[in-house]
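Report on the structure given below.
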Amino acid sequence: MNGFDSDDLPIARPHGPSLARLNAERMGRREMMTGLLAGTAGAAVAGLAPGALLAATRDSSTLTFRSPKHAIGDDHAVAPGHAGQVLIRWGDPVLAGAPAFDVTKQDAAAQGAQFGYNNDFMAFMPLPRGSNASDHGLLCVSHEYTMAELMWPGLTVQTRAEKVTRAQADVEIAAHGHSILEIKKSGAAWAVVPGSRFARRLTGGTEMRLSGPAAGHARLKTKADPSGTKVLGTFNNCAGGVTPWGTVLIAEENINTYFGGEPAMTDEAANHKRMGLSACSRYGWWRHHDRFNVEKEPGEPNRFGWIVEFDPYDPNSVPVKRTALGRFKHEGATCAVLRDGRVVVYSGDDQAGEYLYRFVSEGRFDSANPAGVRDLLDKGTLSVAKFKAGGTMEWRPLVFGQGPLTAANGFAGPADVLIETRRAADLVGATPMDRPEDVEPSPRSGRVYVALTGNSTRKADATDAANPRGPNAFGHIVELIPPGAETEGATAADARHDAERFRWNVLLMAGDPKNPAHGAQYHARQAEEGVWLASPDNVAFDEKGRLWISTDQGSAQAKNNIPDGMYACDLEGPGRGLVKFFYGCPRGAEMCGPAFTPDNRTLFVAVQHPGEGSTYDAPSTRWPDFKAGVPPRPAVVALTRKDNGKIGS
Ligand code: FEO
Ligand code: CA
Ligand code: CA
252 MNGFDSDDLP
262 IARPHGPSLA
272 RLNAERMGRR
282 EMMTGLLAGT
292 AGAAVAGLAP
302 GALLAATRDS
312 STLTFRSPKH
322 AIGDDHAVAP
332 GHAGQVLIRW
342 GDPVLAGAPA
352 FDVTKQDAAA
362 QGAQFGYNND
372 FMAFMPLPRG
382 SNASDHGLLC
392 VSHEYTMAEL
402 MWPGLTVQTR
412 AEKVTRAQAD
422 VEIAAHGHSI
432 LEIKKSGAAW
442 AVVPGSRFAR
452 RLTGGTEMRL
462 SGPAAGHARL
472 KTKADPSGTK
482 VLGTFNNCAG
492 GVTPWGTVLI
502 AEENINTYFG
512 GEPAMTDEAA
522 NHKRMGLSAC
532 SRYGWWRHHD
542 RFNVEKEPGE
552 PNRFGWIVEF
562 DPYDPNSVPV
572 KRTALGRFKH
582 EGATCAVLRD
592 GRVVVYSGDD
602 QAGEYLYRFV
612 SEGRFDSANP
622 AGVRDLLDKG
632 TLSVAKFKAG
642 GTMEWRPLVF
652 GQGPLTAANG
662 FAGPADVLIE
672 TRRAADLVGA
682 TPMDRPEDVE
692 PSPRSGRVYV
702 ALTGNSTRKA
712 DATDAANPRG
722 PNAFGHIVEL
732 IPPGAETEGA
742 TAADARHDAE
752 RFRWNVLLMA
762 GDPKNPAHGA
772 QYHARQAEEG
782 VWLASPDNVA
792 FDEKGRLWIS
802 TDQGSAQAKN
812 NIPDGMYACD
822 LEGPGRGLVK
832 FFYGCPRGAE
842 MCGPAFTPDN
852 RTLFVAVQHP
862 GEGSTYDAPS
872 TRWPDFKAGV
882 PPRPAVVALT
892 RKDNGKIGS
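For what it's worth, the numbering used here labels the leading residue of the sequence shown as 252, then goes sequentially.
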């Protein structure tokens, strides 16, 4: 999700760190470059390929595909020799008995049984459970948000919140959440299995349970739920993750946009302000449903902004909001298992100047008994990242009673620290980042990749080693190196993700390497490649441990004049940081949800908000239907090689 919701604007911090401390932490541009180089040198010392970032080598990438045309178009662009099959679009049937899509006859009941809007995170979960099947599985797809101006005639971005009817609001609520699809490949073609017993829709009205330390707290109670443990729905699910025990984690990101009324009039005024709530709701649902009116239900926003866990293999399971992982604009949640079985979850808070988080479970995962895991994510320690110059960083715990997280600062107990995670992180001196999007540990090397999508508000004199460009119009990718993962050839199991201190590098600074004004940094040969990327968002790894990067430039897409899409690069060897372009989204769309099948022969991608910036009445593309009267539709595309080889080979 991008610019419309001002992710790029930092939130004022009424209780933020002192200016003196911030100034002490800020470095000038010269020192910034020193820090960047020091990060690289640090990596060399630590055993990574010397000069990893600024390599002078002439060698090339291990990725063998050729790039499609790197230009914005009405249609998507697939690498030569590959096929891009549209698997499912907004409005297509998911549940048995769902009506076929008819844009002129939308209603909440139909939408609640059909594929939702703005597909984002995806997970391919093999069938049978626990297998490595690559031609049969569940495709789990989040629906991040809706765009009334592209769903109905007569609406614009400016008028939608005011004009949306109750019937339309109810369609929008039903178009949120998640879809679970059973899919099968026969020959070269993927298809959704109609009427599958696994098929499920989670919507903005699905009952969910709150668990963990904040569940049942007074600040989570509403008139409809005096227990503070039962919530209706999930909203703005952006990226996500899969647990080692085969459940799916989805992340509630820009939850502030759903609420109307004046937050300053409530007892939660400071908290709501810190989460970005304002009287100006993006949706206007609050005029039709009291729970979205903060003046009537000041606790309702506190029931969103969490990580939600559900079991995709059990269509009757109740999704659970895991409060131990903190409340902020969660971009995603990705897991690693420590040697002793404890589980680590990484998550970014996607807003300019927000933070990077890590959770370490108290309990242990037993791979011999994966079904024995129930509530592992309810107990553990949440920490936040503090980056330092010279390529080091530390994790600072957010534990009630420790350091500044006490009653003196307004925290009455552990629940307050979790409900107001951002404020707790401010107080322990976390490093404000340039919009942390996806954060993923490599299942091959154990190093962790942090996509920072950019921050146009960062001032040139307010850069730091880990956010070295101000303003940062193009974003960058930071590589975290836990102890044990320093050397090339280390395996993921060696990585001590629970350590207090890590090392880090900048993998790349996005932008056009041919334009010195961009300050881009890639592999030395990037300019010869003829492609570049901006605003890295989601990341995924192929079986060889290479990094696949999806991008979301938001409203900068037209200005940058390059498509959003899938890009990929090596992380080790002479091609490290040499980015290739694999797939281009149609005009206006961002790229989400890259998910490989275990055999790497299919890459599922989610095309989100095609035609953004235009309206139903005058769409800038009609992808993927290209039929008069049918607006652009967010859709999932299955990318395969025409010779059935492995993607990227
Ligand atoms: Fe929903 Fe941070 O992109
Ligand atoms: Ca995004
Ligand atoms: Ca995203």
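Glycine is no exception: its CB is placed at the ideal position from the N, C-alpha and C atoms.
A quick note: this is a predicted structure, and the numbers were derived from the prediction, not measured.
- Residues near T708 in its chain [Cβ-Cβ closer than 8 Å; skip 5 each side]: D259, L260, P261, A603, G604, P722
- Could you give the DSSP three-state label for F316: helix, strand or coil? coil
- Query: Would A659 be called buried (16 or more neighbouring beta carbons within 10 Å of its own) or exposed?
  - Reply: exposed
- Message: Let me check one thing: in DSSP terms, what residues is Y597 bridge-paired to?
- Response: T585, R609
- Using the Cα positions of A322 and S806, report the straight-line distance between them to the nearest angstrom. 16 Å
- Message: Quick check: the Cα distance between G880 and A364, rounded to an integer number of angstroms?
- Response: 23 Å
- Task: With a 10 Å radius around its C-beta and 16 neighbouring C-beta atoms as the bar for buried, classify S568 as buried or exposed.
- Result: exposed
- Query: Out of curiosity, what's the CA-to-CA distance linking M402 and P882?
  - Reply: Roughly 7 Å separates the two Cα atoms.
- Message: Quick check on DSSP: helix, strand or coil for Q336?
- Response: Three-state result, Q336: strand.
- Message: The alpha helix (DSSP H) that contains Q602, what's its start and end?
- Response: No alpha helix (DSSP H) contains Q602, which DSSP labels as neither H nor E.
- Task: Put V668 into one of helix, strand or coil per three-state DSSP.
- Result: helix
- Per DSSP, what kind of secondary structure is R411 in: helix, strand or coil? Collapsing the DSSP output to three states places R411 in a helix.
- Among L528, T872, S385, which residue has its Cα nearest to the Cα of M516? L528
- Query: Looking only at its own chain, which residues have a Cβ that is under 7 Å from the Cβ of P849, when we skip the five neighbours before and after it?
  - Reply: P377, N383, S385
- Query: Beta carbon of F638, beta carbon of M644: below 8 Å?
  - Reply: Against a cut-off of 8 Å, the Cβ pair of M644 and F638 comes out as a contact.
- Where L273 and L822 are concerned, what is the direct C-alpha to C-alpha distance, given to the nearest angstrom? The predicted position of L273 is uncertain, since its pLDDT is 28 and thus under 50; a value taken from the coordinates is nonetheless stated next. C-alpha separation (whole angstroms): 33 Å.
- Option nearest A619 by Cα separation, candidates H581, V595, P495: P495
- Rounded distance between the beta-carbons of S696 and A743, thought under 8 Å: 7 Å
- Task: Could you check the C-alpha separation between V887 and H387 for me, to the nearest Å?
- Result: 16 Å
- Message: Pairs of beta-carbons, one from the segment 505 to 523 and one from the segment 533 to 546, closer than 8 Å: are there three or more?
- Response: With contact defined as three or more Cβ pairs closer than 8 Å, the segment 505 to 523 and the segment 533 to 546 are in contact.
- Message: Once DSSP output is grouped into helix, strand and coil, what is the label at A300?
- Response: With a pLDDT of 37 at A300, under the threshold of 50, the modelled position of that residue is not reliable, and the figure given next carries that caveat. A300: coil per DSSP, three-state reduction.
- Roughly how many whole angstroms lie between the Cα atoms of V345 and N370? 14 Å
- Message: Please give me, in chain order, every unbroken run of the beta strand (DSSP E) with length at least 3 that falls completely inside the segment 623 to 652.
- Response: 631 to 639, 643 to 648
- Query: Comparing the CB of C489 with every heavy atom of ligand 1, is any distance shorter than 7 Å?
  - Reply: Yes, Cβ of C489 sits closer than 7 Å to a heavy atom of ligand 1.
- Message: Out of I813, R797, E794, G796, which one is the CA nearest neighbour of D803?
- Response: I813
- Query: Does the segment 617 to 634 come close enough to the segment 691 to 706 to have 3 or more Cβ pairs within less than 8 Å?
  - Reply: No, the segment 617 to 634 does not touch the segment 691 to 706.
- Message: For T704, tell me which candidate among G484, N789, T355 has the shortest Cα-Cα distance.
- Response: N789
- Alpha carbon to alpha carbon, how far is W755 from E730? Give it in angstroms, no decimals. Approximately 5 Å between the Cα atoms of the pair.
- Task: Run the proximity test for A519: is its beta-carbon closer than 7 Å to any non-hydrogen atom belonging to ligand 1?
- Result: The identity of residue 519 in the sequence shown is Glu, whereas the question assumes Ala. E519: no, Cβ never under 7 Å from ligand 1.
- Query: What's the gap between the Cα of T473 and the Cα of G654?
  - Reply: 32 Å
- Query: By a C-beta neighbour count over all protein chains shown, 10 Å radius and 16 as the cutoff for buried, is C531 buried or exposed?
  - Reply: exposed
- Go ahead and pull the three-state DSSP assignment for P849. Three-state result, P849: coil.
- Message: Alpha carbons only, please: which of K580, L406, E395 is nearest the one belonging to G864?
- Response: L406
- Task: Can you say whether G446 is buried or exposed, counting buried as having 16 or more other CB atoms within 10 angstroms of its CB?
- Result: With fewer than 16 Cβ atoms within 10 Å of its Cβ, G446 is classed as exposed.
- Task: Taking P764 as the reference, give the member of V782, V757, F753 with the closest Cα.
- Result: Taking only the C-alpha atoms, the option nearest P764 is V782.
- What's the gap between the Cα of G535 and the Cα of T416? 9 Å
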